[in-house]
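Report on one structure; see the data block that follows.
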Amino acid sequence: MVNAQEGFEIMKKNFKPEVAKEFKKRVVVQYNIEGPGGGTWQVSFDNGKIEIVEGEKEKAVLKFNYDCIESFVGIQTGEVDGIQAYTTAKLRIEGPIALAQQIGKIFGAV
174 MVNAQEGFEI MKKNFKPEVA KEFKKRVVVQ YNIEGPGGGT WQVSFDNGKI
224 EIVEGEKEKA VLKFNYDCIE SFVGIQTGEV DGIQAYTTAK LRIEGPIALA
274 QQIGKIFGAV
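This note's numbering numbers the first residue of the sequence shown as 174 and each following residue consecutively.
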């Protein structure tokens, strides 16, 4: 069985600080994962650095809501297409779609 930590480790590995530096201020994104192995995590980007914490520590400007842990990890590994996950409700986004696309670029998505 996959776990959330695997997905976040892939995010750290794929993180592109030069793209994250384009943010003019601190950005907090919340990841909500439903079902077994799920939970809530926040990923913050500040001056080209990334921080991942479990729980809801700050007000997030964007939320990614996943139907299950497999969808979350699958998107991180590239086994699940993010757009297809969005159109089939495996991934729901709360907040600016343009920002969601920028977050994708930070992790190497085109």
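Backbone N, C-alpha and C define an ideal beta-carbon position, used for all residues, glycine too.
Item, Value
"In the DSSP assignment, the beta strand (DSSP E) including VAL202 goes from what residue to what residue?", "200-206"
"In three-state DSSP terms, what is GLU224?", "strand"
"I'd like to know whether the C-beta atoms of LYS236 and ASN205 end up nearer to each other than 8 Å.", "yes"
"Let me confirm a value: ALA177 is counted as buried when at least 16 other C-beta atoms fall within 10 Å, else exposed. Which label applies?", "buried"
"Specify, as a first and last residue, the run of the alpha helix (DSSP H) that ASN187 falls within.", "177-187"
"Would you say PHE280 and MET184 are within 8 Å of each other, going by their C-beta atoms?", "yes"
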